[in-house]
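The sequence shown begins at 5 in this note's numbering and counts up by one.
Glycine residues also receive a C-beta, built at the ideal position from the N, C-alpha and C atoms.
Worksheet for the structure shown next.
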Amino acid sequence: MIDLKKRKQWIWFFGLLTVFIVLLLGLYVRMISVRSAAFETVSEERISPVRVQETLSTEVWRTTSFLARVEGGQTIDIIADVGGWVVEKKVVLGEEVKKGDALIVLEDPRRVLKLKESQARLKSANANLSELKRKYDQSLTLVEKGIVARDTLDSLSNQVASESANVDSLEASFGLMKWDVDNLTVGSPISGRIVEVLPDVGQEVTAGQLVVKMVSIEEKRVVAGVEPRWARIIRPGMTVKLSTTLNGRLEETEGSVIGVSPNIDSLSGTYRVEAQLINNEYNWLPGEIVNMEIPVELLTDVVIVPRTAVLSDSDNLFIFLYQGGKAIKIPVTVEWINDREGSISADLIPDGSSIIIEGHVGLAGGQLVRLTQ
5 MIDLKKRKQW
15 IWFFGLLTVF
25 IVLLLGLYVR
35 MISVRSAAFE
45 TVSEERISPV
55 RVQETLSTEV
65 WRTTSFLARV
75 EGGQTIDIIA
85 DVGGWVVEKK
95 VVLGEEVKKG
105 DALIVLEDPR
115 RVLKLKESQA
125 RLKSANANLS
135 ELKRKYDQSL
145 TLVEKGIVAR
155 DTLDSLSNQV
165 ASESANVDSL
175 EASFGLMKWD
185 VDNLTVGSPI
195 SGRIVEVLPD
205 VGQEVTAGQL
215 VVKMVSIEEK
225 RVVAGVEPRW
235 ARIIRPGMTV
245 KLSTTLNGRL
255 EETEGSVIGV
265 SPNIDSLSGT
275 YRVEAQLINN
285 EYNWLPGEIV
295 NMEIPVELLT
305 DVVIVPRTAV
315 LSDSDNLFIF
325 LYQGGKAIKI
335 PVTVEWINDR
345 EGSISADLIP
355 DGSSIIIEGH
365 VGLAGGQLVR
375 LTQ
């Protein structure tokens, strides 16, 4: 009985020991699995995601930028060619008009009556001239037949010449009077915007009096102060890029250089550069400040990279390249750079590598990286 009881105790003991060992093995396996997973996670976290740009060799104009002010076109003073009384104002302040549009209508009954008188006298003179020519042609036939004397024909010839000169004089007089009447309607010599309309309805206007001020809308331009070293290479007709930002939206257009002032401004130490707007689709108004970007040098065999891809380390510039799953740090010399992009000589970029343009923050040379879309 005692041996049987001890035997059962040993069986229980070994059974519990076996269960305990199995549990220890299970916990150990679990711990190893968790540690492996954690290690893999940490390793993956250390592999930085980056976005790259292929190294494509191209050519680009090196540019420099200046602040420029938008100026309106030339201000035009509209002068009355004839006098009269204002009967109608066709335009108001700020209105946009086209070349030839009526601005002010004048009235002068005396000029109209003189025009009618001149027209009647011209008609009468033309009728007399026609009659004299008829008589001359008739007399010419009779002279050839010997019925009328030669002196009569000569007299008629002189009368025709005299009346013809009278008709020419009356036509000139009629033309001047008609010009006066036609100019009772003051028209716009240019396309522009009304700045001021001086006379009121009913007011008398004399010849030579200022009646309307307007500004041209066809010659809006931008003016910039340029340093002497850049002013030397700017030429009339050169295309410049003009831009500004309104409510976070980029407005960009082009202009054509009109010219560069021959003298330097003593206060700013710059030369005045004027460029005419090629297309003012954003309706930039006089007084607005825009950025004028001028091409100064053509760079060839270069790679264009975003401005943010060029990093600095003390006084040195460098970029990160992607090669074989690693970030490679290389020093570079930037030939040209602005606030958006820069150019690097294509010879500095090894074959088979790409330029890291995003995700380079915190990177170190030789660090593992992975590509993202």
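Spatial neighbours of G369 within its chain, please: C-beta separation below 6 angstroms, excluding the five flanking residues on both sides. Same-chain partners within the cutoff: K333.
Which partner residues does K103 have in the DSSP bridge list? None, per the DSSP bridge assignment.
Paired residues, beta bridge with R66 - DSSP: R66 is bridged to E301.
With H, G and I counted as helix, E and B as strand and the rest as coil, what does DSSP make of A129? helix
Bridge partners - Q280, DSSP secondary structure assignment: R225 and S260
Contact check, N342 vs T67, beta carbons under 8 angstroms: yes
My assumption, with CB atoms under 8 angstroms, is that L136 sits in contact with L160. Please give the rounded CB distance. 7 angstroms
One or two residues paired with V314 in a DSSP bridge: According to DSSP, which records beta bridges pairwise, V314 is partnered with nothing at all.
Near E63, what residues of its chain come up, given a Cβ to Cβ distance below 6 angstroms and the 5 sequence neighbours on each side ignored? So the qualifying residues of the chain are T304.
Secondary structure at T79, three-state DSSP: helix, strand or coil? strand
Given a cut-off of 8 angstroms on the beta-carbon distance, is the pair G88 and L110 in contact? yes
Return helix, strand or coil for E339, following the three-state DSSP convention. strand
Going by the beta-carbon positions, is the gap between I194 and S220 smaller than 8 angstroms? yes
Leaving out five residues on either side along the sequence, give the residues of the same chain with a beta carbon under 8 angstroms from the beta carbon of L188. Around L188: V86, G88, V109, L110, E111, D112 and R115.
Between the CA atoms of V309 and D105 - distance to the nearest angstrom: 53 angstroms
With DSSP collapsed to three states, give me the class of A331. For A331, the secondary structure class from DSSP, reduced to helix, strand or coil, is strand.
Can you give the beta carbon distance from R197 to E100, rounded, assuming they're within the 8 angstroms contact cut? 5 angstroms
Kindly list the residues whose CB is nearer than 8 angstroms to the CB of G356, restricted to its own chain and excluding five residues on each side of it in sequence; keep chain order. Q327
Candidates I359, D204, D317 and S272: closest to L60 by CA position: I359
Just the C-alpha distance for T248 and M296, rounded to the nearest angstrom, thanks. 9 angstroms
Host alpha helix (DSSP H) of L157 (start-end): R154 to D186
Proximal residues to E175 (C-beta, below 7 angstroms), its chain only, five neighbours per side dropped: By the criterion of a C-beta distance shorter than 7 angstroms, E175 is surrounded in its chain by L126, once the five residues flanking it on both sides are discounted.
Please report the residue range of the alpha helix (DSSP H) in which P232 lies. P232 to A235
Where V171 and V190 are concerned, what is the direct C-alpha to C-alpha distance, given to the nearest angstrom? 30 angstroms
Pair every Cβ in the region 232-246 with every Cβ in the region 274-288, then say whether three or more of these pairs are closer than 8 angstroms. yes
Would a C-beta distance cut-off of 8 angstroms place I51 and V373 closer than the cut-off? yes
Apart from the five residues on each side of it in sequence, which residues of its chain come closer than 8 angstroms, Cβ to Cβ, to I83? For I83, where only same-chain residues beyond five positions count, the Cβ hits under 8 angstroms are G212, Q213, L214 and V215.
To the nearest angstrom, how far is it from the Cα of A42 to the Cα of M35? A caution first: A42 carries a pLDDT of 45, below 50, which makes its placement in the model too unreliable to give a value.
The beta strand (DSSP E) with L250 in it runs from where to where? T243 to L250
Counting only the same chain and skipping the five closest in sequence on each side, list residues whose C-beta sits under 7 angstroms from that of S3. Any question about residue 3 goes unanswered here, given that the chain covers just 5 to 377.
Among residues of its own chain, excluding the 5 on either side of S47, which ones have a beta-carbon nearer than 7 angstroms to its beta-carbon? Reliability of the predicted coordinates at S47 is poor, the pLDDT of 40 falling under 50, and no value is obtained from them.
Per DSSP, which one or two residues make a beta bridge with E362? E362 pairs with R55.
Three-state secondary structure (DSSP) at T376? coil
In the DSSP assignment, find the beta strand (DSSP E) that holds L214 and state where it starts and stops. L214 to S220
Give the range of the beta strand (DSSP E) segment to which G346 is assigned. E345 to S349
Taking S192 as the reference, which of S69, Y32, V95 and A313 has the closest Cα? V95
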